[in-house]
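Chemist: I'd like to ask some things about the structure below.
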Amino acid sequence: MFDFKQAIAQDKAFADSVWEKLDKKLQVMAVRSREKLPYTTENGEHINSYLRGICSWTNGFWPGMMWLLYYGTKNETYRTTAERSEELLDEGLKEYEGLHHDVGFMWQLSAVADYKITGNKASRIRALHAANLLMARYNIRGGFIRAWNDWDEKCEQRGWTIIDCMMNLSLLYWASEEVNDPRYKYVAMAHADKAMEHHIRPDGSVRHIVSFNPENGEFIEALGGQGYDANSSWSRGQAWALYGYAISYMKTGKTAYLDTAKRVAHYFISCVSNDYMPRSDFRAPKEPVIYDSSAGAIAACGLLELARLVPANEGAFYYDAAVKLLKVIDENWCNYTLEEDSILQMCTSSWTQEGLAHRWAHKPLIFGEYYFVEAIYKLKGFDLLFE
Ligand code: GLY
Numbered sequence: 000m001f002d003f004k005q006a007i008a009q010d011k012a013f014a015d016s017v018w019e020k021l022d023k024k025l026q027v028m029a030v031r032s033r034e035k036l037p038y039t040t041e042n043g044e045h046i047n048s049y050l051r052g053i054c055s056w057t058n059g060f061w062p063g064m065m066w067l068l069y070y071g072t073k074n075e076t077y078r079t080t081a082e083r084s085e086e087l088l089d090e091g092l093k094e095y096e097g098l099h100h101d102v103g104f105m106w107q108l109s110a111v112a113d114y115k116i117t118g119n120k121a122s123r124i125r126a127l128h129a130a131n132l133l134m135a136r137y138n139i140r141g142g143f144i145r146a147w148n149d150w151d152e153k154c155e156q157r158g159w160t161i162i163d164c165m166m167n168l169s170l171l172y173w174a175s176e177e178v179n180d181p182r183y184k185y186v187a188m189a190h191a192d193k194a195m196e197h198h199i200r201p202d203g204s205v206r207h208i209v210s211f212n213p214e215n216g217e218f219i220e221a222l223g224g225q226g227y228d229a230n231s232s233w234s235r236g237q238a239w240a241l242y243g244y245a246i247s248y249m250k251t252g253k254t255a256y257l258d259t260a261k262r263v264a265h266y267f268i269s270c271v272s273n274d275y276m277p278r279s280d281f282r283a284p285k286e287p288v289i290y291d292s293s294a295g296a297i298a299a300c301g302l303l304e305l306a307r308l309v310p311a312n313e314g315a316f317y318y319d320a321a322v323k324l325l326k327v328i329d330e331n332w333c334n335y336t337l338e339e340d341s342i343l344q345m346c347t348s349s350w351t352q353e354g355l356a357h358r359w360a361h362k363p364l365i366f367g368e369y370y371f372v373e374a375i376y377k378l379k380g381f382d383l384l385f386e
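See below:
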């Protein structure tokens, strides 16, 4: 196996200096934004995501970031904020109606992290509830997990899957281990198999949305999602697939998942190899140039895991690409000033012809920030939460 410890020892100065900057700023933000579930900022101030709805898919990233910092520093400020966010999130479990497949992101990063770090039994129950909600979205005829609910009477999304769901499977793998019941793992694997067949193209690029017939499970079509179009390559979707299949391999040992993670990684690396600044879509027209730093941060996390999963002589390729992505982010796209609430800048929600005029282009977005912190946490050699 690749000697990860030796590799991170060589990058210790980089990891330490970034971690120190993150800690300095996040200590301040943890107090200032304690009553919020941040999504982005306006005039340098966190907007409370709670206002976009407690069931918003991004609401677990803030507590998740707080738990990473708490585990790495043992500073109680982080724990207090993480615990408060988890209480706020309870409203989502009660509300139920707005919940979707992203209960994985929401409670894996908050409640599972809390339970693993502190042993909090209430968090274990929260996470098991969320895992059961995710299981209930499984379409047994189609062999997939339904992504979203219908947004209004006109839309029909009962048979839709999105590549992002690969990250939600972590909650099912955790639940299987936690209650010693393989049902959760096999649902996760059925979904991963289906997505491998229909979302991953032979060249390693990824489709964002696929529509199936919810009655008989037959493939209908691929749809354009947050990328340029149905045939393009939304970079954050690439990153979700890369990291998601690495996790599925780690949890199941199924070689096809490792091969898929590698194939997607090769494609991702080939698309960024000029400057390691991911565009929001790797197959969009040259103009407008829209970056997405969150794709870089998520891919870096996946590449660091992949480096540990492949045979020894393959690891450096993935590890080096991860460090390059992280160095570019640190040097170009981070705001470490204490007065403003976000660190990672230049995230993009969706590719759009409007380019930078679009309200969610080149913005701080909490999930990008979370994965940047997670990647640095891994580079620091902290393992708990990702074993
Ligand atoms: N899961 C939605 C996104 O990545 O924007």
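Numbers 0 to 386, taken from this note's numbering, label the letters of the sequence shown in order.
All C-beta atoms, glycine included, are put in the ideal place defined by N, C-alpha and C.
1) CA-CA distance, E75 and Y69?
2) Let me know the alpha helix (DSSP H) ranges lying completely inside the segment 24 to 102, each 4 residues or longer, listed in chain order.
3) Taking buried to mean at least 16 other C-beta atoms within 10 Å of its own C-beta, is D392 buried or exposed?
4) Which complete beta strand (DSSP E) runs does the segment 116 to 143 hold, if anything under 3 residues is left out?
5) Using the rule of at least 16 other Cβ atoms within 10 Å of the residue's Cβ for burial, across every protein chain shown, is M0 buried or exposed?
6) Report the start-end ranges of each beta strand (DSSP E) in the segment 160 to 243 that is 3 residues or longer and not cut off at the edges.
7) Any heavy atom of the ligand GLY inside 7 Å of the beta-carbon of S234?
8) Going by C-alpha distance, which of E94, T72, R33 and Q107 is nearest F385?
9) Run the CB neighbour count on D382, radius 10 Å, all protein chains shown included, and call it buried at 16 or more, exposed below.
10) When DSSP labels each residue in this structure, what does Y290 get in the three-state scheme?
11) Drop a sphere of 10 angstroms on the beta-carbon of I219, count the other beta-carbons inside from all chains shown, and report buried for 16 or more, exposed for fewer.
12) Tell me which residue opens and which closes the alpha helix (DSSP H) that Q5 is part of.
13) CB-CB under 7 Å to H128, same chain, minus the five flanking residues each way: which ones, in chain order?
14) Three or more beta-carbon pairs under 8 Å between the segment 25 to 38 and the segment 57 to 67, yes or no?
15) Quick check: what's the CA-CA separation for F281 versus D258?
16) Span of the alpha helix (DSSP H) holding K153?
17) Return the chain-ordered list of same chain residues with a C-beta closer than 7 Å to the C-beta of Y227, the five sequence neighbours on each side being excluded.
18) Any heavy atom of the ligand GLY inside 7 Å of the beta-carbon of Q225?
19) On the premise that M188 lies in contact with T254, defined as a C-beta separation below 8 Å, what is that separation, rounded to the nearest angstrom?
20) Can you tell me whether W159 sits near the ligand GLY, meaning its C-beta is under 7 Å from at least one heavy atom of the ligand?
21) Leaving aside the five residues before and after D22 along the sequence, list all residues of the same chain whose C-beta is less than 7 Å from its C-beta, in chain order.
22) From the DSSP output, which residues share a beta bridge with L343?
23) Please report the distance separating the alpha-carbon of G236 from that of A320.
24) Hey, is M249's beta-carbon within less than 8 Å of any beta-carbon in chain C?
25) Are the CB atoms of F3 and R307 within a distance shorter than 8 Å?
26) Excluding sequence positions up to five away, which residues of its chain have a Cβ less than 6 Å from the Cβ of G314?
27) Shortest alpha-carbon distance to L87 belongs to which of A238, Y335, T117 and S122?
28) Check for me: the alpha helix (DSSP H) holding A264 runs from which residue to which?
29) With a cut-off of 8 Å, do at least 3 Cβ pairs link the segment 175 to 183 to the segment 204 to 223?
30) Between E44 and R140, what straight-line distance do the alpha-carbon atoms span, to the nearest angstrom?
31) Is the beta carbon of Y275 sitting closer than 8 Å to the one on V327?
32) Taking DSSP as the reference, what is the three-state secondary structure of R278?
33) Would you kindly work out how many angstroms separate the C-alpha atoms of A260 and D101, rounded to a whole number?
34) Does the beta-carbon distance from I162 to H198 come in below 8 Å?
35) So what does DSSP say about K362, is it helix, strand or coil?
36) Cα-Cα, which of A194, Y266 and C346 is closest to R145?
Modeler: Taking the definition as stated:
1) 7 Å
2) 60 to 72 and 75 to 94
3) The first residue shown for the chain is 0 and the last is 386, placing residue 392 beyond what the model contains.
4) none
5) exposed
6) 208 to 211 and 218 to 222
7) no
8) Q107
9) exposed
10) strand
11) exposed
12) F3 to Q9
13) L92
14) yes
15) 21 Å
16) Looking at the DSSP string, K153 is not in any alpha helix (DSSP H), and its letter there is neither H nor E.
17) D280, R282, A283 and W350
18) yes
19) 13 Å between Cβ atoms; not a contact.
20) no
21) L68 and T72
22) C333
23) 18 Å
24) In the structure shown, chain C does not exist; there is a single protein chain.
25) yes
26) F1 and A306
27) S122
28) T254 to V271
29) no
30) 46 Å
31) yes
32) strand
33) 21 Å
34) yes
35) strand
36) A194
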